[in-house]
Amino acid sequence: MSYPFELRPRMLGADQHTFIWTKNGEPILEVAAPVVVESMALDGSDCPDGDRTIQFYQEIERQANGFKATSRFQINIETTGVVTDQWTVFSDGMFAVHRSVTVDSAAPNAGLRFGLHVQPAFPEGLDFNDLQYYAPNACYNLNDLNEDGVCDYLDSRSLSYRDDRLNSLSVLAFHPQRKLAMSLSRIDIPKYDDQPLRSPGQRSFLQDTDIGALGFQPSEHAANGCVLTAYYPFVERSRSNALLAQSRPSWGAFRPVHAGDSFTVSYAVRLNHSDSPHSALWTLMNKQMAILRPTPVTLDRAPEEISRLRLEALSHYYMEDSAGGAGFVTNCHPQDGKQLGNIIQYGFTGQNILNAANLLRARTSSALDRQKAKKVVDFYVSCALKSPFGFTYGLYDVDKQRHNSWWTGLLLPLAYAEPGQNLESLMGPIYSHRQSIIDALSRSHGVYTRCVLEETEALLALYLSQEAPPASWLQVVTSFGEFLLRAQESDGSWRRAYSLEGQPMTEPEEWFGQTFYQQRSSTATVVPLLLELARITGKEVYRTAAIRAGRFVRTHFVDKVRHNGGIHDSIYAKPQLIDHESIYFCCRALLSLYEATGSEYFRTGAVRAGQLSASWILLWDIPLPPNSTLARHGFRSTGWAGCDTPGAGYVHPMGIIATPDFLRLGQITGDSAFLDIAELTFMACNENVGRKWGYAMEGMQEEGLLLSPWLIDDPMFAADTGFGGRSKGEGNKTCLPWISAVTVWAGEEIKQRFGTLDFAELRKQFAFAAREMSGHHHVASTDRESTSSADDAPVKVSAASVDVKEISVEA
Numbered sequence: 001m002s003y004p005f006e007l008r009p010r011m012l013g014a015d016q017h018t019f020i021w022t023k024n025g026e027p028i029l030e031v032a033a034p035v036v037v038e039s040m041a042l043d044g045s046d047c048p049d050g051d052r053t054i055q056f057y058q059e060i061e062r063q064a065n066g067f068k069a070t071s072r073f074q075i076n077i078e079t080t081g082v083v084t085d086q087w088t089v090f091s092d093g094m095f096a097v098h099r100s101v102t103v104d105s106a107a108p109n110a111g112l113r114f115g116l117h118v119q120p121a122f123p124e125g126l127d128f129n130d131l132q133y134y135a136p137n138a139c140y141n142l143n144d145l146n147e148d149g150v151c152d153y154l155d156s157r158s159l160s161y162r163d164d165r166l167n168s169l170s171v172l173a174f175h176p177q178r179k180l181a182m183s184l185s186r187i188d189i190p191k192y193d194d195q196p197l198r199s200p201g202q203r204s205f206l207q208d209t210d211i212g213a214l215g216f217q218p219s220e221h222a223a224n225g226c227v228l229t230a231y232y233p234f235v236e237r238s239r240s241n242a243l244l245a246q247s248r249p250s251w252g253a254f255r256p257v258h259a260g261d262s263f264t265v266s267y268a269v270r271l272n273h274s275d276s277p278h279s280a281l282w283t284l285m286n287k288q289m290a291i292l293r294p295t296p297v298t299l300d301r302a303p304e305e306i307s308r309l310r311l312e313a314l315s316h317y318y319m320e321d322s323a324g325g326a327g328f329v330t331n332c333h334p335q336d337g338k339q340l341g342n343i344i345q346y347g348f349t350g351q352n353i354l355n356a357a358n359l360l361r362a363r364t365s366s367a368l369d370r371q372k373a374k375k376v377v378d379f380y381v382s383c384a385l386k387s388p389f390g391f392t393y394g395l396y397d398v399d400k401q402r403h404n405s406w407w408t409g410l411l412l413p414l415a416y417a418e419p420g421q422n423l424e425s426l427m428g429p430i431y432s433h434r435q436s437i438i439d440a441l442s443r444s445h446g447v448y449t450r451c452v453l454e455e456t457e458a459l460l461a462l463y464l465s466q467e468a469p470p471a472s473w474l475q476v477v478t479s480f481g482e483f484l485l486r487a488q489e490s491d492g493s494w495r496r497a498y499s500l501e502g503q504p505m506t507e508p509e510e511w512f513g514q515t516f517y518q519q520r521s522s523t524a525t526v527v528p529l530l531l532e533l534a535r536i537t538g539k540e541v542y543r544t545a546a547i548r549a550g551r552f553v554r555t556h557f558v559d560k561v562r563h564n565g566g567i568h569d570s571i572y573a574k575p576q577l578i579d580h581e582s583i584y585f586c587c588r589a590l591l592s593l594y595e596a597t598g599s600e601y602f603r604t605g606a607v608r609a610g611q612l613s614a615s616w617i618l619l620w621d622i623p624l625p626p627n628s629t630l631a632r633h634g635f636r637s638t639g640w641a642g643c644d645t646p647g648a649g650y651v652h653p654m655g656i657i658a659t660p661d662f663l664r665l666g667q668i669t670g671d672s673a674f675l676d677i678a679e680l681t682f683m684a685c686n687e688n689v690g691r692k693w694g695y696a697m698e699g700m701q702e703e704g705l706l707l708s709p710w711l712i713d714d715p716m717f718a719a720d721t722g723f724g725g726r727s728k729g730e731g732n733k734t735c736l737p738w739i740s741a742v743t744v745w746a747g748e749e750i751k752q753r754f755g756t757l758d759f760a761e762l763r764k765q766f767a768f769a770a771r772e773m774s775g776h777h778h779v780a781s782t783d784r785e786s787t788s789s790a791d792d793a794p795v796k797v798s799a800a801s802v803d804v805k806e807i808s809v810e811a
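In UniProt numbering, the protein residues as written are 1 to 811.
Below you can see the structure in the form of structure tokens.
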């Protein structure tokens with residue numbers, strides 16, 4: 001990397017100053033609006049934007065490591081004060097600003113919000129869509145799968161996200177031509193938040209919260225048409241999924257202020273050259289880790305004991321019928337453990353074969369549990385053998401002794417609906433929200449590619465682990481493998497779902513995909529299975545198919561950052577979600593191809609996918625409402641994985657599935673950050689298990705947790721639906737079989753690959769030193785350069801060892 005970038009004061013007029021960054025004299029970036037003051041609308045309208053005033057600095061004072069800049073403000077005559085920005089220059093392309101706001105006088109019920117705008121300043125200019133935009137885990141490459149230049153889920157280019165939706169408290173814009181990353185981060189960890197005092201539908205309100213917002217938006221009529229934004233307290237504009245799913249209104253808080261009030265917030269502007277957005281995000285994430293200093297959750301019992309209890313709880317939800325049906329049917333509110341419907345699900349939310357395999361492999365399983373697991377496998381195999389393609393219906397209703405092709409997830413209740421039953425009474429407003437899709441799907445039968453893969457892959461692994469497994473198990477696996485060879489398209493991809501006759505399912509497009517990327521979103525899932533079939537059968541055709549698919553996955557999903565569709569149900573504006581599971585599958589596919597071929601092409605793809613996957617992991621403890629369930633139990637959010645971009649701030653334990661591959665990436669790259677992320681994730685996903693968290697039995701865990709406001713006004717999740725009360729600091733009131741499947745598997749997979757679940761031992765094994773999480777931000781040292789004292793001269797730091805405490809960030 002080339003340093004330094006230089007920070008220079010810039011005079012715009014009398015008492016109007018700002019800053020500009022240059023490199024070798026060329027302008028790169030500028031503070032377009034040093035102080036944006038937004039106040040609650042005078043006319044009493046419910047407007048999240050409020051009334052805006054843009055202030056420049058009246059004074060800039062040079063100091064040893066940066067500048068002190070001040071701006072006095074006056075709002076509506078009665079409200080006055082001063083903003084003091086302490087800019088500190090670091091040697092690694094980081095420029096920190098510690099903002100102090102003091103209110104001298106205030107009108108009654110005054111509410112203020114303060115912003116900072118940073119804008120590119122390239123001489124050649126740029127359009128908004130010349131850059132790529134990232135806000136992990138709320139936004140990846142603008143979330144633009146249809147490539148129309150706006151976010152698919154919010155239909156806007158003006159985007160801002162609450163801090164508690166941002167895993168590393170950062171947003172980043174990447175310039176592909178210049179290979180330059182420009183980022184804006186918050187570097188003081190938000191300390192408190194609560195439910196705002198507001199009426200349903202109210203979009204602007206007074207709230208004393210430490211949650212701010214970061215984002216990006218177009219700059220109309222400017223040569224450089226993009227602005228990075230920071231606001232305190234938060235505002236989410238021009239749209240948000242915080243309140244309602246369909247209209248997606250914006251909302252925002254104003255801080256109640258009074259004479260003598262003062263508060264602070266700190267940000268970092270960073271400039272870094274990177275060869276790709278993946279490495280740019282990875283660099284930013286590592287720099288934020290050095291400042292946020294995440295520490296793993298401490299578990300109250302050994303991971304092995306947690307896994308034992310998970311399997312014990314799973315066994316409680318085993319069911320069989322007189323027709324030979326057998327499976328794990330967990331489908332309950334974990335708070336009471338009472339079944340909502342006895343449905344055996346395959347893949348995705350069900351994972352029946354993986355659960356059975358976990359029970360069969362566990363040394364602590366009883367003879368009865370092993371018998372149950374064997375029946376689960378036998379039932380699935382007997383059904384899959386009836387198909388020449390090695391798959392079967394996605395669901396089996398134990399009570400009615402019938403198969404169904406219902407498409408799981410949010411629509412699962414329809415699998416156990418009675419003919420003629422009022423579906424809206426069963427599902428609530430979700431039914432009307434998705435009625436056209438429900439009507440179309442109810443007439444179709446088929447399976448998701450991912451769902452079949454998950455059951456088939458678990459079956460093959462179980463087959464290979466047994467001394468004398470039935471030949472029928474391998475027959476099912478090879479039938480599906482042969483189907484994949486026939487179904488692979490000329491570009492190396494597979495479709496998202498197939499009918500029971502083996503034909504691609506494309507209608508309704510609102511469910512199976514409206515774009516090229518959506519329709520082929522599950523391609524990565526099957527690659528490791530094909531490679532394993534190539535290994536055990538010796539057939540090169542499987543390997544060739546996997547390689548072709550790997551090129552497709554890297555080209556379209558990883559390099560272009562268009563991964564999507566890991567999750568199978570969407571209540572948002574578009575059918576497939578940009579989610580963590582989809583990039584996990586890409587990483588897993590490319591890593592398996594690297595292991596099989598030794599190709600640097602696949603190694604690079606795996607590392608890039610792994611970097612994206614790791615960016616879905618939370619690096620800080622989000623403050624929760626003090627009276628919320630999670631806060632009362634002492635929940636910590638560090639290490640949890642985000643689920644999808646439109647639902648950013650919702651986390652789930654599925655992230656644990658990536659931990660074995662994070663560890664392997666650490667091995668092959670020598671980058672200890674992958675191991676750090678693996679440890680954070682593994683510990684977090686085993687955190688909230690058992691009775692002490694308010695669940696009905698030991699070993700039980702909730703499917704997902706809300707760490708940020710999500711659809712809080714939407715009737716789909718009203719309190720009387722049974723799935724209501726989904727406010728910040730609460731769970732999603734759901735427990736399904738996948739939870740035990742992936743969490744137990746991840747622990748066993750780590751032990752199988754690396755021999756231990758002790759991360760200190762893994763560090764020794766990998767020859768990694770422990771990350772100095774409790775230390776300060778350090779950079780390799782040479783002497784700090786002195787600079788000219790002229791007003792517009794830069795403060796330039798070539799390379800220095802600088803303590804982040806110099807920013808005056810309060811603990």
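We put the beta carbon where it would ideally sit given N, CA and C, even for glycine.
Among the options, the one whose alpha carbon lies nearest that of residue i
| i | options | result |
| --- | --- | --- |
| V553 | G634, S570, F516 and K338 | F516 |
| F585 | K386, P646, L169 and R520 | R520 |
| C451 | P294, S472, L630 and Y498 | Y498 |
| R293 | I189, G481 and T525 | I189 |
| G639 | I657, A678 and K400 | A678 |
| G565 | Q576, D104, A461 and S183 | Q576 |
| P9 | T734, G50 and G66 | G66 |
| Q74 | V36, F662 and R535 | V36 |
| A222 | E761, W616 and G125 | G125 |
| G610 | Y572, T449, S637 and I657 | I657 |
C-alpha gap between residue i and residue j, whole angstroms
| i | j | result |
| --- | --- | --- |
| R370 | Y396 | 21 Å |
| T494 | F95 | Going by the sequence as given, residue 494 is Trp instead of Thr. Cα to Cα, W494 sits roughly 46 Å from F95. |
| S185 | A121 | 19 Å |
| L12 | T18 | 7 Å |
| W745 | T555 | 30 Å |
| A367 | E312 | 13 Å |
| V235 | Y161 | 7 Å |
| P27 | N146 | 33 Å |
| M285 | K191 | 20 Å |
| G215 | S158 | 8 Å |
| V82 | F754 | 56 Å |
| S442 | D714 | 25 Å |
DSSP beta-bridge partners of residue i
| i | result |
| --- | --- |
| F205 | A253 |
| E320 | A326 |
| L184 | V171 and V269 |
| V89 | F95 |
| L385 | DSSP, once it has assigned bridges, lists no residue as partnering L385. |
6 Å Cβ shell around residue i - same chain, five flanking residues per side excluded
| i | result |
| --- | --- |
| G350 | P737 |
| L705 | V651 and G731 |
| L197 | none |
| K338 | C332 |
| H403 | Y393 and Y396 |
Other residues of its chain near residue i: CB distance less than 8 Å, five sequence neighbours each side excluded
| i | result |
| --- | --- |
| V381 | L459, P470, S472, W473 and V476 |
| S436 | P508 and E510 |
| M505 | S444, G446, R495, R496, A497, Y498, S499 and F512 |
Same chain, Cβ closer than 7 Å to residue i, neighbours up to 5 away in sequence not counted
| i | result |
| --- | --- |
| Y594 | F602, R603 and A606 |
| N686 | L299, P303, I306 and T743 |
| P626 | D194 |
| N224 | Q119, P120, A121, F122, G125 and L126 |
| A107 | N76, E78 and T79 |
Exercise. Quick one: complete beta strand (DSSP E) runs, 3+ long, within the segment 721 to 776?
Worked result: None, since the segment 721 to 776 contains no complete beta strand (DSSP E) of that length.
Problem set entry | Every unbroken beta strand (DSSP E) within the segment 623 to 703, with a cutoff of 3 residues, ordered by chain | Counting only unbroken stretches of 3 or more residues, the beta strand (DSSP E) elements lying wholly within the segment 623 to 703 are 650 to 652, in sequence order.
For this session: Only counting runs of 3 or more residues, tell me where the beta strand (DSSP E) segments fall wholly within the segment 8 to 55, in order along the chain.
Result: Those beta strand (DSSP E) runs which fall completely within the segment 8 to 55 and span 3+ residues are 16 to 23, 26 to 39 and 51 to 55.
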